[in-house]
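I have placed the structure first, in the form of structure tokens, so that the comments after it can refer back to it.
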Amino acid sequence: GKARAFVGLGLVCHLQEFSVESASYWYLRSHHTTHFAAWVGLTAIACVTLTATFFCFQDESPDESRRYAATPSSSEENLRSSFCDHLRGLSMVIRDPVLLLVACVHALFMFYHVGMLTTHVSYGSLLGVRLEDMVLPGAVVHAVSLIFPVLLTVMMPYLCVWNMLIASHVFHGLGYVFCGPYAVLVDPYESMFFTGLAGSIGHHLCTPAEHTLVSQRAGKQNQGSCQAALVAFGSLGAAIAVPLYNRVLFDATASGLDKARCPMVSLLVAALCSALSCVAKRLDRASEAPAAPAVPQTKGPYMTLLQAGRGPRGKAPQEAEPWVHELEFGPL
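With my numbering applied, the sequence shown closes on residue 440, and no number is skipped along the way.
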């Protein structure tokens, strides 16, 4: 159910991206002398978003959080509490090997994705593609791939979340194959359609898979802090990628296959993400199959009242492990 909800949110974002790509293509084809109309339109969209956020969403937080929010307190206390919640989420992610690997994979994903995204226009210009022609493949790909979230929602019960995460990086890597060697050696304009389609499928698989994995590993009260920790890892990867891709990897004077330096680096990092996802999957499978607990020894076929009323190590029945309540007692 969680994975399907995240896929539905991805579909909404996909529709928004399709609208933005279509509007951008129409705007660039109009050849305006100034960009004042674009800034006015973006400002209006931002105002509508803020209005909907403040007035159209109800607070559905737990009672404890609602009482805490209603209690008058200083801004320093609120800031300290938020900072402590963030540190708690980071500590939970670091202590859990599976969540730590997922966070590292997300950081690497943001590294190769944001890094290539910031050099996309410069790279297309280096290959001789006009700016308005760079927007059209994105709009076409978003229109074609609108059917994919619907198919993914139907297929979700038969898919493994880990396989979705691994496949997402495989599709991203395939997109960088078209964006790099194929674009330089064959056709740069045609490669944008294949790159966009592979990247769109990868995004539809990656986002719900990561959020579902974090929600499965984290407790109910720590969902928000762990998701925020995942975003913090991703922001770190993006912050490193922007100067590295733009100032070190990209070269406007490159020739031949050296032009594809940025997509080739992204391809290698995407392959590394797939490998780390496989390792995280094995760790998750190992943690789901703990060793069977030893059944307490009894004298004969009967269990004494002391053994029936006490769990291992003297715990009360409600504090004992779940298997204690599933024991079948002998006849009294």
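Just so you know, even glycine gets a beta-carbon here, dropped at the ideal spot from N, CA and C.
Count the other CB atoms within 10 Å of the CB of S363; is the residue buried (16 or more) or exposed (fewer)? On the sequence shown, residue 363 is found 255 positions in, with the first residue counted as 1. So S363 ends up on the exposed side.
Grouping DSSP H, G and I as helix and E and B as strand, with all else coil, what is F358? Residue mapping note: residue 358 aligns to position 250 of the sequence shown, counting from 1. F358 falls in the coil class under three-state DSSP.
Quick one: residues in its chain with C-beta nearer than 7 angstroms to the C-beta of V322, no 5 flanking neighbours on either side, listed in chain order? For the purposes of this step, residue 322 is taken as the residue at position 214 of the sequence shown. Excluding sequence neighbours, V322 sits near L207, V210, C334, Q335, L338.
Please classify D204 as buried or exposed, where buried requires at least 16 neighbouring CB atoms within 10 angstroms. For the purposes of this step, residue 204 is taken as the residue at position 96 of the sequence shown. It counts as buried.
Alpha carbon of C370 to alpha carbon of A306, nearest angstrom: Locating residue 370 in the sequence shown gives position 262, counting from the first residue. Locating residue 306 in the sequence shown gives position 198, counting from the first residue. Cα to Cα, C370 sits roughly 17 angstroms from A306.
What are the boundary residues of the alpha helix (DSSP H) that V249 is part of? Position 141 of the sequence shown holds residue 249. Segment 239-252, the alpha helix (DSSP H) holding V249.
What's the C-alpha gap between S382 and F144? Residue 382 sits at position 274 when you count from the first residue of the sequence shown. Residue 144 sits at position 36 when you count from the first residue of the sequence shown. Cα to Cα, S382 sits roughly 43 angstroms from F144.
With a Cβ-Cβ cutoff of 9 angstroms, do F256 and I309 count as a contact? Walking along the sequence shown from the start, residue 256 turns up at place 148. Walking along the sequence shown from the start, residue 309 turns up at place 201. Result yes, Cβ atoms of F256 and I309 sit closer than 9 angstroms.
My assumption, with CB atoms under 8 angstroms, is that C192 sits in contact with F341. Please give the rounded CB distance. Position 84 of the sequence shown, counted from the start, is the residue given in the question as residue 192. Position 233 of the sequence shown, counted from the start, is the residue given in the question as residue 341. With a Cβ gap of about 19 angstroms, C192 and F341 do not count as contacting.
Pick out the complete beta strand (DSSP E) segments inside the region 255-315, 3 residues or longer, and give them in chain order. none
When you compare only the Cα positions, how much space is there between H312 and C268? The residue given as residue 312 occupies position 204 in the sequence shown. The residue given as residue 268 occupies position 160 in the sequence shown. Taking the straight line from one Cα to the other gives about 14 angstroms.
State whether the region 276-289 contacts the region 243-253, with contact taken as three or more CB pairs (one from each stretch) at a distance under 8 angstroms. no
How about A346 and M224: are their beta carbons less than 9 angstroms apart? Mapped onto the sequence shown, residue 346 falls at position 238. Mapped onto the sequence shown, residue 224 falls at position 116. Not in contact: A346 and M224 (Cβ atoms no closer than 9 angstroms).
Is T315 near the ligand FAD, going by C-beta to nearest heavy atom under 8 angstroms? Ligands in the displayed structure: none, and consequently the ligand FAD is not present.
Tell me whether M300 is buried or exposed, calling it buried when 16 or more other Cβ atoms sit within 10 Å of its Cβ. The count along the sequence shown starts at 1 and reaches residue 300 at position 192. Counting Cβ neighbours within 10 Å, M300 comes out buried, since at least 16 surround it.
Neighbourhood of A349 by C-beta, 6 angstroms cutoff - its chain only, sequence neighbours within 5 removed: What you label residue 349 is simply residue 241 of the sequence shown in a count that begins at 1. Contacts found: F219, V222, G223.
Among the candidates A247, C121, C314, whose CA atom is the shortest distance from the CA of Y135? On the sequence shown, position 27 is the one that residue 135 refers to. Checked all of A247, C121, C314; the closest Cα to Y135 is A247.
Spatial neighbours of D392 in its chain, beta-carbon cut-off 6 angstroms, leaving aside the 5 residues before and after: Here residue 392 refers to the residue found at position 284 of the sequence shown. Correct list, in chain order: V206.
How big is the Cα-Cα spacing for V128 and L384? Looking up residue 128 in the sequence shown gives position 20. Looking up residue 384 in the sequence shown gives position 276. Answer to the nearest angstrom: the Cα atoms are 34 angstroms apart.
Which same chain residues end up closer than 8 angstroms to F302 when comparing Cβ atoms and leaving out the 5 residues on each side of it in sequence? Translated into positions along the sequence shown, residue 302 becomes position 194. Hits under 8 angstroms: G283, F286, Y290.
If V243 sits next to Y297, beta carbons under 8 angstroms apart, how far is it from one beta carbon to the other, in whole angstroms? Walking along the sequence shown from the start, residue 243 turns up at place 135. Walking along the sequence shown from the start, residue 297 turns up at place 189. No, V243 and Y297 are not in contact; Cβ-Cβ is about 12 angstroms, not under 8 angstroms.
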